[in-house]
Ligand SMILES: [Zn+2]
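In our numbering, the protein residues as written are 405 to 461.
Pasting the structure below:
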């Protein structure tokens, strides 16, 4: 039983990992100061600009 729940956990981990690498196909950068931003950023934490550029990698 323990091994069954372990393999189930492995499957969910690998599926969320592939989702994450899809999210990493984009890069966000502040057009004002050039700071690299995280994907959920709506404004630059460095200069406060809302002018965010999204690049497809
Ligand atoms: Zn900025």
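Beta carbons: idealized from backbone N, C-alpha and C, even for Gly.
Residue i, DSSP secondary structure in three states
i: residue 434; result: strand
i: residue 461; result: coil
i: residue 440; result: strand
Residue j beta carbon less than 8 Å from that of residue i
i: residue 450; j: residue 432; result: no
Whole-Å CB distance - residue i paired with residue j, under 8 Å assumed
i: residue 454; j: residue 446; result: 7 Å
Contact set for residue i: own chain, Cβ-Cβ below 6 Å, skip 5 residues either direction
i: residue 448; result: 434, 439
Same chain only: Cβ atoms within 8 Å of residue i, ignoring 5 sequence neighbours per side
i: residue 430; result: 443, 458, 459, 460, 461
i: residue 441; result: 432, 433, 434, 448, 449, 456
Beta-carbon proximity list for residue i, same chain, < 7 Å, skipping 5 on both sides
i: residue 436; result: 448, 451, 453, 455
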